[in-house]
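Engineer:
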Amino acid sequence: MASQRDNIIAKTGQEMGQLFDRFFGSIESLRQSRTQPATSDVNATIASISSNLWTPQIEQQEDEHSITLRAYLPNVARSQIRIDTSIKGRLKIYGESNSQTVYESGGDRITERQLGQIEKDIPLPDSAVIEQMTVLDDESNGIVITIPKH
33 MASQRDNIIA
43 KTGQEMGQLF
53 DRFFGSIESL
63 RQSRTQPATS
73 DVNATIASIS
83 SNLWTPQIEQ
93 QEDEHSITLR
103 AYLPNVARSQ
113 IRIDTSIKGR
123 LKIYGESNSQ
133 TVYESGGDRI
143 TERQLGQIEK
153 DIPLPDSAVI
163 EQMTVLDDES
173 NGIVITIPKH
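Residue numbers (my numbering): 33 to 182.
1) May I have the straight-line CA-CA distance separating residue 41 from residue 49, to the nearest angstrom?
2) Do you know whose CA, among 146, 104, 152 and 53, lies nearest residue 19's CA?
3) Mind pulling the beta strand (DSSP E) runs of 3 or more residues that sit fully within the segment 143-170?
4) What are the boundary residues of the beta strand (DSSP E) that includes residue 191?
5) Could you check the C-alpha separation between residue 116 and residue 124 for me, to the nearest Å?
6) Which residues in the same chain have their Cβ closer than 6 Å to the Cβ of residue 150, if we skip the five residues on either side of it in sequence?
7) Mind checking residue 119: buried by the 16 CB within 10 Å criterion, or exposed?
8) Whole angstroms are fine: how far does the CA of residue 130 sit from the CA of residue 137?
9) Which residue or residues does DSSP assign as beta-bridge partners of residue 101?
10) Under the three-state reduction of DSSP, which class applies to residue 113: helix, strand or coil?
11) Can the beta-carbon of residue 175 be found less than 8 Å from the beta-carbon of residue 99?
12) Less than 8 Å between the CB atoms is what I'm expecting for residue 162 and residue 101, so what's the real figure, rounded?
13) Could you check if residue 160 is buried or exposed, using at least 16 other CB atoms within 10 Å of its CB as the buried criterion?
14) Here's the rule I'm using: 16 or more other beta-carbon atoms within 10 Å means buried, otherwise exposed. How should residue 51 be labelled?
As structure tokens, then:
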């Protein structure tokens with residue numbers, strides 16, 4: 033009885049795999065039949081898509097006087113970034129990104145929208161003085177947070 037059940041499960045798994053292959057193959061063939069953008073546009077699109085699947089890169093530097101956090105947040109407008117310090121010893125960075133890429137060929141048009149959200153939770157030492165924290169825009173698509181220590 034167990035081997036019959038195992039056979040049914042294996043067959044179902046194979047059928048699901050074929051279904052996914054057909055589905056995603058049809059989408060890919062539709063994309064490939066359209067005029068593709070220049071390589072630089074493709075690279076920008078790949079960067080945009082991958083930015084929606086990421087945890088932001090955070091660089092942290094600490095010395096005896098302060099903690100500096102540099103958060104790289106590509107495609108996230110400064111107005112969409114929120115910093116929460118309501119939990120003692122924690123700093124949370126929230127953000128939302130929204131970008132779109134349009135492919136056109138003749139009268140056909142394909143629009144891809146990428147929406148993403150981030151939430152990064154960073155533990156802070158007891159010596160961090162959150163009340164004196166500063167946040168500045170970084171030239172490399174992000175923010176720099178400086179927190180003095182006592």
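In this text, a Cβ means the ideal position worked out from N, Cα and C, and glycines have one as well.
As the structure is a prediction and not an experimental result, all values here were calculated from the model.
Structural biologist: Looking at the coordinates:
1) Answer to the nearest angstrom: the Cα atoms are 12 Å apart.
2) The displayed coordinates of the chain run from 33 to 182. Any statement about residue 19 would go beyond what the structure contains.
3) Fully enclosed beta strand (DSSP E) runs of 3 or longer: 166-170.
4) What is shown of the chain runs 33 to 182, which leaves residue 191 out entirely.
5) Residue 116 and residue 124 have their alpha carbons spaced roughly 5 Å apart.
6) For residue 150, where only same-chain residues beyond five positions count, the Cβ hits under 6 Å are 88 and 127.
7) So residue 119 ends up on the exposed side.
8) Near 24 Å, if we compare the C-alpha coordinates of residue 130 and residue 137.
9) Per DSSP, 92 and 177.
10) Of the three classes helix, strand and coil, the one that applies to residue 113 here is strand, per DSSP.
11) Their beta carbons are not under 8 Å apart, which means residue 175 does not touch residue 99 by this criterion.
12) Not confirmed; about 12 Å, so no contact.
13) The Cβ neighbour count for residue 160, taken over all protein chains shown within 10 Å, is at least 16; the residue is labelled buried.
14) Residue 51 sits exposed, since fewer than 16 C-beta atoms from the chains shown fall within 10 Å of its C-beta.
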